[in-house]
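Asks: Okay, here's the structure, questions in a sec.
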């Protein structure tokens, strides 16, 4: 199949006027927008460090208190369910109160939840706090990604979203590394993410002058974008399923394959490394080629990797780990390319609602992925993990091909 230049770089629903000539004012505005763009990426990446630290910390503390794996798993599920409420609320609140005030509020609310985590050890209190915390951070991610998508130049949107995904992935790697250094004792493990959340407000303050606003209401609800932009929306769903299952179940795969827990942690790390290394190159590719076709190719590669990894097997350790890095990078590119696709299609309030729908699908994937892959591992131990993901890539591949043939978005 031929790959054609990216037609999604020219939005269907809007046209961007081209200035006749550049001027000193244009240069100033460009610098201001660049600063605001980098500020949004920096802020959400700092939040990512604190969030990944807290996710690991809470699970470890609950485990030390003797709670079952089922009870520990229910705690993050509360945050996932809160996302379904927080995502559609985010653009409405931003339109009513302004983008930057809502971002500041979500950071402050998140810091308050962390302080409350530190002073109580009640499981049910933590469940409520985790839901509030998840809702606050959902607003942070929805609005930050809207901010980044709006200010990203159309011809470099894929690169910018790849840069964002890389920065966020580095943040998620850094959080657990900090936790391994400070341990779980005392209040210091909570004070660090509180400090990070407060620090994340500084980039927002620096970029506030060029921050986009949502001035009009969206003509379509959040759920309608699942039908209007299903290729991008289901990319978020598939990414959420794979990412959460990979971090949670690759260690279990290692145990079932008799590799030991230490190797399980390394496998999750190799998957994360792919997310760091491949997002910018694949983002650049999405600026050159039609994004639906690129998602089709990514699905083919994802399916191929899911079939090849079990064939190679972890006994060929170096080859297996190298393939896992590449496969993790390919799977991780679903998220930024899906976001870039939405940014090329919509603007203003519609983009905010589309972004909220994307995050909702991603969160649903995070909730559905681990039990689905776990069921597959129970049926086909241990390669059911990869084969189940291969089946999901097959379904998504068929869906994109159908959309391309029918001319749907």
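Residue numbers (my numbering): 1165 to 1573.
The beta carbon of each residue, even a glycine, is placed where N, CA and C say it ideally should be.
1. Whose C-beta lies closer than 7 Å to the C-beta of residue 1463 among residues of the same chain, with five residues either side of it excluded?
2. Just the C-alpha distance for residue 1517 and residue 1480, rounded to the nearest angstrom, thanks.
3. With a 10 Å radius around its C-beta and 16 neighbouring C-beta atoms as the bar for buried, classify residue 1491 as buried or exposed.
4. Does DSSP put residue 1567 in a helix, in a strand, or in coil?
5. Check the C-beta distance from residue 1395 over to residue 1505 and give it rounded, since I have them as a contact under 8 Å.
6. Just the Cα atoms here: how many angstroms apart are residue 1226 and residue 1286?
7. Along the chain, where does the alpha helix (DSSP H) that runs through residue 1538 open and close?
8. Starting from residue 1330, follow the alpha helix (DSSP H) in both directions and report where the run begins and ends.
9. At what residue ranges does the stretch 1425–1512 contain a whole run of the beta strand (DSSP E), taking only runs of 3 or more?
10. Judging by CA-CA distance, which residue of 1329, 1221, 1445, 1400 is the nearest neighbour of residue 1583?
11. By the three-class DSSP mapping on this structure, what secondary structure does residue 1285 have?
12. Out of 1314, 1327, 1245, point me to the one whose CA is closest to residue 1209's CA.
13. Could you compute how far the alpha carbon of residue 1217 sits from the alpha carbon of residue 1570?
14. Indicate the three-state DSSP secondary structure (helix, strand or coil) for residue 1349 in the structure shown.
15. Find out if the Cβ-Cβ distance for the pair residue 1487, residue 1473 is shorter than 9 Å.
16. Quick one: what does DSSP say residue 1262 is sitting in, helix, strand or coil?
17. Assuming residue 1420 is part of the alpha helix (DSSP H), what are its boundary residues?
18. Would you tell me roughly how many angstroms separate the C-alpha atoms of residue 1252 and residue 1420, rounded to the nearest one?
19. What does the alpha-carbon distance come out to for the pair residue 1537 and residue 1555?
20. Excluding the five sequence neighbours on either side, which residues of its own chain have a C-beta within less than 6 Å of the C-beta of residue 1244, listed in chain order?
21. Report the residue from 1346, 1373, 1205 whose alpha carbon sits nearest the alpha carbon of residue 1221.
Replies: Per the coordinate set shown:
1. Excluding sequence neighbours, residue 1463 sits near 1557, 1560, 1561, 1564.
2. In this model, residue 1517 and residue 1480 are separated by some 46 Å (Cα to Cα).
3. Residue environment analysis places residue 1491 among the buried positions, since at least 16 neighbouring C-beta atoms fall within 10 angstroms of its C-beta.
4. The answer is helix: DSSP assigns residue 1567 an H, G or I state.
5. Rounded, the Cβ-Cβ distance is 7 Å, consistent with contact.
6. Rounded to the nearest angstrom, the gap between the Cα atoms of residue 1226 and residue 1286 is 10 Å.
7. First-last of the alpha helix (DSSP H) with residue 1538: 1512–1543.
8. Residues 1321–1346.
9. Runs of the beta strand (DSSP E) lying entirely within the stretch 1425–1512 and spanning at least 3 residues: none are present.
10. Outside the shown range of the chain, which is 1165 to 1573, sits residue 1583, and nothing can be said about it.
11. Coil.
12. Among 1314, 1327, 1245, the Cα nearest to that of residue 1209 is on 1327.
13. Rounded to the nearest angstrom, the gap between the Cα atoms of residue 1217 and residue 1570 is 45 Å.
14. Looking at residue 1349 - three-state DSSP - the assignment turns out to be coil, as it is neither helix nor strand.
15. A distance below 9 Å separates the beta carbons of residue 1487 and residue 1473.
16. Of the three classes helix, strand and coil, the one that applies to residue 1262 here is coil, per DSSP.
17. 1394–1420 is the extent of the alpha helix (DSSP H) around residue 1420.
18. When rounded, the distance between both Cα atoms is 40 Å.
19. So the alpha carbons of these two residues sit roughly 11 Å apart.
20. Once the five neighbours on either side are set aside, the close Cβ partners of residue 1244 are 1527, 1530, 1531.
21. The residue with the shortest Cα to Cα distance from residue 1221 is 1346.
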